[in-house]
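Below is one structure; the comments refer to it alone.
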Amino acid sequence: MMKSVAFSVISYQLSVISYRLSVISYQLSVISYQLSVISYQLSVISYQLSGLSFKLLGLSFQFSINLVSFTGHWSLVTGYWSLVTGHWSLVTGHWLLVTGH
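Per the numbering used here: the sequence shown = residues 987 to 1087.
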């Protein structure tokens, strides 16, 4: 009986540690998502400024506008990847809690 109790306590402690790690991973993914959103907002501002410059300078800014649009799209893809990573961490934490129980 003591071995079973000791094993369940160790299993529970391991699941708590793993859950904490998954929470840290989730927090990091949220920070990464926030950074990607900031990057996207900056690229949108840059896109608006380049659009203004495009009106002022003519066709010379067409390549720059396409480049900024691509940067904004990359930021959105990074944000989506972070959300998927966060979801994976939460599912992992839930699985470990069920295992400890």
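Quick reminder that beta carbons are idealized off the backbone N, C-alpha and C, glycines included.
Inter-residue spacing [alpha-carbon to alpha-carbon] between L1038 and Y1026
Here residue 1038 refers to the residue found at position 52 of the sequence shown. Here residue 1026 refers to the residue found at position 40 of the sequence shown. Just so you know, the alpha carbons of L1038 and Y1026 end up roughly 18 Å apart.
Please report the straight-line C-alpha distance between S1032 and V1016, rounded to a whole angstrom.
The residue you call residue 1032 lines up with position 46 of the sequence shown. The residue you call residue 1016 lines up with position 30 of the sequence shown. Rounded to the nearest angstrom, the two C-alpha atoms are 24 Å apart.
I1024 versus L1014: straight-line alpha-carbon distance, rounded
What you label residue 1024 is simply residue 38 of the sequence shown in a count that begins at 1. What you label residue 1014 is simply residue 28 of the sequence shown in a count that begins at 1. Rounded to whole angstroms, I1024 to L1014 spans 15 Å at the Cα level.
By how many angstroms is the C-alpha of Y998 removed from the C-alpha of V1030?
Residue numbering aside, residue 1030 sits at position 44 when the sequence shown is read from its first letter. Residue numbering aside, residue 998 sits at position 12 when the sequence shown is read from its first letter. Cα to Cα, V1030 sits roughly 47 Å from Y998.
Chain C contact for Y1026 (CB, 8 Å cutoff)
The structure shown contains no chain C, having only a single protein chain.
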